[in-house]
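J.:
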Amino acid sequence: MTTAPAPTAGTPRKEPGPPAGPGPAPARRRPGRLRRIGLPYLLLLPALLLELLVHLVPMVSGVVMSFKQLTQFTLRDWGTAPWTAFDNYRVAVDFDAAVGRELLHSFFVTCGFTVLSVLLCWLLGTAAAIYMQDAFRGRGLLRAVFLVPYALPVYAAVITWVFMFQHDNGLVNHVLHDQLGVTDGRPFWLIGDNSFYALVTVSVWKNWPFAFLIVTAGLQNVPKELYEAAALDGSGMWQQIRHITLPSLRPVNQVLVLVLFLWTFNDFNTPYLLFGKSAPDSADILSIHIYESSFVTWNFGSGAAMSVLLLLFLLLVTGTYLLLTSRGRKARHA
Amino acid sequence: MRTTLAARGAVLLALALAVPACGGGTDTGGGSNDSPKTLTYWASNQGANAEVDKKVLKPELAKFEKQTGIKVKLEVVPWSELLNRILTATTSGQGPDVLNIGNTWSASLQATGALLPWDGKNFESIGGRDRFVDSALESTGAPGQAPAAVPLYSMAYALYYNKQLFKEAGISEPPATWDELVAAGKKVRAEKGVWGLGAEGANPSENIHQVFVLGKQHGADFFTPEGKADFTSKGAVAAVKQYVDLMAKDKVIAPGNAEYAQNQSVSDFAKGRTAMLLWQTASASLKTMGMKDSEWGLAPAPVRSGSPGSGAQVNSMAAGINMAVFKSTRNLDGAKAFVKFMTGDAEQKILNKAYGSIPPVKSAQRDSFFHTPVTSALRETLATSAAALPQVPDESQFETAVGSAVKELLADAAAGRSVTTSSVRAALDKAQQQMPKK
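Just so you know, the sequences run in chain order A and B. So the first sequence is numbered by this note's numbering: it starts at 1 and just counts up by one. So the second sequence is numbered by this note's numbering: it starts at 335 and just counts up by one.
In structure tokens form, the structure reads like this:
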């Protein structure tokens with residue numbers, strides 16, 4: 001959107017001569033010029049309106065909703081729902097009362113889940129990408145296999161995990177308990193405290209191929225000569241990774257980690273398909289929590305307020321992250 | 335020339351895109367008869383899957399078209415989506431003309447004001463209020479207000495038991511009290527090594543249906559007469575504890591059932607892995623899962639005294655599906671005609687037979703199909719010992735808050751943690767605090 005004026009910048013000045021169009025009269029020069037300047041904007045107008053429609057309108061209405069008391073009584077004509085100013089926010093951040101306490105709990109669970117999931121995704125993805133860098137027999141096949149979770153439809157994949165995590169006849173318990181005897185009894189994975197680990201497992205399984213893909217692409221741009229020179233200087237594999245691979249991947253990683261963070265933090269499908277409408281306490285992710293607060297309990301104002309808080313938090317994190325990482329990069333370039 | 339054409343095209347496109355944005359949100363129209371030849375109908379998923387529903391409903395819709403010339407566009411909406419779709423339709427004003435709703439949603443949806451109220455005049459147009467069974471009418475909206483919907487299918491809870499397992503364990507009579515149920519459960523476990531009772535522990539709505547009935551038996555209603563949440567009363571705590579104790583203390587429900595939410599308990603019962611099941615109109619599902627009608631027996635759900643009735647002897651919720659008309663319909667007369675058609679004697683018999691439910695229409699109940707031992711028991715339950723879930727606008731929040739609390743308590747029990755009166759009260763107190771303040 002910000003590039004809109006660029007195409008017109010140079011052109012209008014070059015138009016003092018006779019008009020190019022069929023209209024001969026000099027009197028029509030001005031509207032003609034206006035038309036020509038205006039055309040790019042006009043052509044952009046559909047895109048702009050669509051952008052407004054698809055992104056900004058729902059966002060703004062979400063913000064407006066968060067200031068309203070929007071329940072089943074006022075839902076039908078939400079424009080006239082009573083204005084409650086910051087009431088919804090006050091309830092959401094009142095950590096002494098149930099709603100606020102639950103939200104805070106959900107926030108910490110989400111943070112823990114996100115950090116763990118992003119870290120594991122990145123580690124797995126990077127490790128796999130580095131090992132796959134050198135050609136060997138079956139590399140193409142392995143790469144394809146690695147990308148399968150990313151290519152599978154979320155619903156099918158997560159439902160399969162639900163079956164595998166089942167207490168009585170799931171594959172996970174069969175392997176852990178019946179075959180390996182690691183656990184004393186059959187643990188529950190979809191309810192209770194273990195559900196957190198079930199969620200992390202599925203999330204990592206689903207997202208690490210993306211990290212793998214991006215890092216693999218990033219590695220193509222690292223000049224081979226660097227490794228050859230390093231090898232001549234006698235540096236081992238770890239040193240090569242530390243001093244060549246990772247620094248070269250820095251710009252890629254900067255974006256990769258941010259994208260993984262935003263996806264994981266906002267992920268709705270995975271917990272919803274794993275746990276249904278009400279997630280267990282230990283896996284009560286914000287996205288589900290907000291869904292429950294608005295759609296299941298019909299309090300859309302409160303849910304909207306929580307969403308706005310979530311948006312502000314993500315903006316803050318993203319802003320700080322970009323500021324820190326780009327400053328670090330500038331400092332090194334200087 | 336080319337420039338103006340492009341410019342005009344762009345403006346036109348932009349306008350076309352902008353128009354739908356102005357649609358929703360403000361439609362408060364009271365319905366009209368602008369398009370008298372078509373209707374859109376959202377049916378709930380009553381059969382084993384949506385295809386079954388289409389097979390059942392399509393021929394009936396064709397009959398209606400033949401009678402009235404009105405073409406009904408059918409969409410079978412899955413339960414997981416139905417409420418969200420209705421809420422979206424309510425805010426946008428772009429909904430179907432006629433739709434099915436779960437009867438427990440009646441009061442909540444009534445509060446939105448989006449559904450046509452069935453006042454005396456509207457009821458007259460479909461043959462009058464007296465055609466319907468009283469207990470079914472109780473689940474059509476808040477008391478004292480014109481109903482938001484009319485009953486379409488009725489269902490009741492009953493105790494399904496595996497005849498073979500009972501016989502082999504030496505149990506001659508199906509249990510009539512909770513003590514007998516626990517004893518029977520322990521007996522089949524000892525004799526046959528199978529679990530006594532199935533439960534859908536991770537499904538909040540199913541939990542609510544069970545603890546609501548137990549609440550009635552303990553004299554608790556979960557709401558005060560003024561409609562305020564009252565989850566921590568002595569009776570409510572006792573009811574929830576009794577249900578969770580079936581797993582925690584009595585050990586008649588398998589711990590694994592705590593994570594069930596996809597009707598695995600029905601499939602366990604059909605496969606002979608559990609001996610008993612408390613369920614509503616399970617016959618059609620059991621047949622689909624390969625259990626013959628002769629293999630299971632049906633008895634009224636247990637009550638403490640052993641003989642179901644009203645008050646503390648209630649042994650089922652008045653479950654069912656209601657039919658509603660969106661106020662914003664553009665074919666009001668057609669919509670009412672369609673409701674009249676669907677609640678007419680002929681259709682009531684055909685549809686309720688197909689779905690294994692009981693007709694909420696008195697005259698349709700006279701059909702001999704609804705006088706077999708199984709259907710009679712369900713009909714009897716509905717008529718004498720079923721109670722409507724609280725008809726309050728906050729019913730949906732209640733289902734989520736308390737249903738999830740029971741889910742967590744069952745998870746505790748399954749993990750071997752002790753469930754005490756105080757831990758139950760704490761869980762219910764937390765649920766109550768999540769309810770909207772008034």
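Don't be surprised by glycine CBs; every beta carbon is placed ideally from N, CA and C. Given the structure is predicted, the values throughout are model-derived calculations rather than measurements.
Return helix, strand or coil for Trp122/A, following the three-state DSSP convention.
T.: Correct three-state label for Trp122/A: helix.
J.: Expressed to the nearest angstrom, what Euclidean distance is found between the alpha-carbon atoms of Gly535/B and Met610/B?
T.: Their backbone Cα atoms lie some 15 angstroms apart in a straight line.
J.: Please classify Gln166/A as buried or exposed, where buried requires at least 16 neighbouring CB atoms within 10 angstroms.
T.: Counting Cβ neighbours within 10 Å, Gln166/A comes out buried, since at least 16 surround it.
J.: Taking 8 angstroms as the cut-off, does the segment 546–558 of chain B touch the segment 147–156 of chain A (at least 3 CB pairs, one atom from each stretch)?
T.: With a cut-off of 8 angstroms, the segment 546–558 of chain B and the segment 147–156 of chain A do not count as touching, because too few Cβ pairs lie within range.
J.: Closer than 8 angstroms by C-beta to Asp94/A: which residues in its own chain qualify, once you throw out the five before and the five after it? Chain order, please.
T.: Closer than 8 angstroms at Cβ, skipping near neighbours: Gly100.
J.: Kindly provide the ranges of any alpha helix (DSSP H) runs that are 4 or more residues long and lie completely inside the segment 706–750 of chain B, ordered along the chain.
T.: Qualifying alpha helix (DSSP H) stretches, in chain order: 707–718 and 729–748.
J.: Is Phe295/A near Leu417/B, with beta carbons less than 9 angstroms apart?
T.: Result yes, Cβ atoms of Phe295/A and Leu417/B sit closer than 9 angstroms.
J.: Are the C-beta atoms of Asn656/B and some chain A residue less than 9 angstroms apart?
T.: False, the Cβ-Cβ gap to chain A never drops below 9 angstroms.
J.: Are the segment 285–301 of chain A and the segment 70–85 of chain A touching, with three or more C-beta to C-beta distances below 8 angstroms?
T.: Yes, the segment 285–301 of chain A is in contact with the segment 70–85 of chain A.
J.: Unbroken alpha helix (DSSP H) runs of length 4 or more, entirely within the segment 381–467 of chain B: which are they?
T.: Correct list: 384–402, 413–426, 440–446 and 454–459.
J.: Would you kindly work out how many angstroms separate the C-alpha atoms of Val484/B and Pro46/A, rounded to a whole number?
T.: Cα-Cα distance, rounded: 46 angstroms.
J.: Between the C-alpha atoms of Ala722/B and Gln179/A, what's the straight-line distance to the nearest angstrom?
T.: Distance between the alpha carbons of Ala722/B and Gln179/A is about 49 angstroms.
J.: Could you pull out every residue in the same chain whose Cβ sits closer than 7 angstroms to the Cβ of Val278/A, ignoring the five residues on either side in sequence?
T.: At residue 278/A the sequence reads Ser, which differs from the Val that was named. Answer for Ser278/A: Glu292, listed in chain order.
J.: Consult DSSP for Tyr487/B and reduce its assignment to one of helix, strand or coil.
T.: Residue state, collapsed to three classes: strand.
J.: For Tyr375/B, which residues does DSSP report across the bridge?
T.: Tyr375/B pairs with Leu408/B and Val432/B.
J.: Note down the Cα distance separating Arg327/A from Thr320/A, rounded to an integer number of angstroms.
T.: Each residue's alpha carbon lies about 10 angstroms from the other.
J.: Taking the alpha-carbon positions, what's the Glu681/B to Met657/B distance?
T.: Their backbone Cα atoms lie some 14 angstroms apart in a straight line.
J.: Taking a contact to mean a Cβ-Cβ separation below 9 angstroms, would you say Glu540/B touches Gly381/B in this structure?
T.: Not in contact: Glu540/B and Gly381/B (Cβ atoms no closer than 9 angstroms).
J.: Could you check the C-alpha separation between Met335/B and Leu42/A for me, to the nearest Å?
T.: Low per-residue confidence applies at Met335/B: pLDDT is 39, beneath 50, and the placement is therefore not dependable enough to give any value.
J.: Can you list, in chain order, the residues of its chain with a C-beta nearer than 6 angstroms to that of Ser366/B? Leave out the 5 residues immediately preceding and following it.
T.: Correct list, in chain order: Arg664.
J.: DSSP three-state call for Gln132/A: helix, strand or coil?
T.: The amino acid occupying residue 132/A in the given sequence is Met; Gln does not appear at that position. Residue state, collapsed to three classes: coil.
J.: So Gly192/A and Ala749/B are supposed to be a Cβ contact under 8 angstroms. How far apart are they, rounded?
T.: Going by Cβ atoms, the distance from Gly192/A to Ala749/B rounds to 5 angstroms, so yes, they are a contact pair.
J.: To test your reading of the DSSP string, which unbroken alpha helix (DSSP H) runs of 4 or more residues are found completely within the segment 215–241 of chain A?
T.: Counting whole runs of 4 or more residues, the segment 215–241 of chain A contains the alpha helix (DSSP H) stretches 224–232 and 237–240.
J.: Can you pull the chain A neighbours of Gly590/B, defined as C-beta to C-beta under 7 angstroms?
T.: Within chain A, the residues near Gly590/B are His167 and Asp168.
J.: Answer with buried or exposed for Pro22/A, where buried requires no fewer than 16 other C-beta atoms within 10 angstroms of its C-beta.
T.: Confidence in Pro22/A is poor, its pLDDT being 47 and thus under 50, which makes the residue's placement too unreliable to answer from.
J.: Using a C-beta cutoff of 9 angstroms, does Asp746/B count as contacting chain A?
T.: So, interface residue.
J.: Output yes if chain B places a C-beta closer than 9 angstroms to the C-beta of Trp161/A; else output no.
T.: Judged by the 9 angstroms Cβ criterion, Trp161/A is not in contact with chain B.
J.: So, is the C-beta of Thr425/B closer than 9 angstroms to a C-beta in chain A?
T.: Output row for Thr425/B: interface = yes.
J.: Asp281/A touches chain B at which residues, Cβ-Cβ below 8 angstroms?
T.: Those within 8 angstroms of Asp281/A in chain B are Glu742.
J.: Give the C-beta separation of Phe703/B and Lys687/B to the nearest angstrom, bearing in mind that I take them to be a contact with Cβ-Cβ under 8 angstroms.
T.: Right, their Cβ atoms sit about 5 angstroms apart.
J.: Kindly give me the distance between the Cβ atoms of Asp602/B and Val516/B, rounded to whole angstroms, as I take these residues to be in contact under 8 angstroms.
T.: With a Cβ gap of about 19 angstroms, Asp602/B and Val516/B do not count as contacting.
J.: Please list, in chain order, all residues of the same chain as Tyr272/A whose beta carbon is under 7 angstroms from its beta carbon, the five residues on each side excluded.
T.: So the list reads Ile288, once near-sequence residues are dropped.
J.: Residue range of the alpha helix (DSSP H) that Ile159/A falls in?
T.: First-last of the alpha helix (DSSP H) with Ile159/A: Val154 to Met164.
J.: Hey, does Arg76/A have any beta-carbon neighbour from chain B nearer than 9 angstroms?
T.: Answer yes: the Cβ-Cβ gap between Arg76/A and chain B drops below 9 angstroms somewhere.
J.: Between which two residues does the beta strand (DSSP E) harbouring Asn656/B extend?
T.: Ala653 to Val659 is the extent of the beta strand (DSSP E) around Asn656/B.
J.: What did DSSP end up calling Ala609/B once you bin it into helix, strand or coil?
T.: Note: Ala609/B maps to strand in three-state DSSP.
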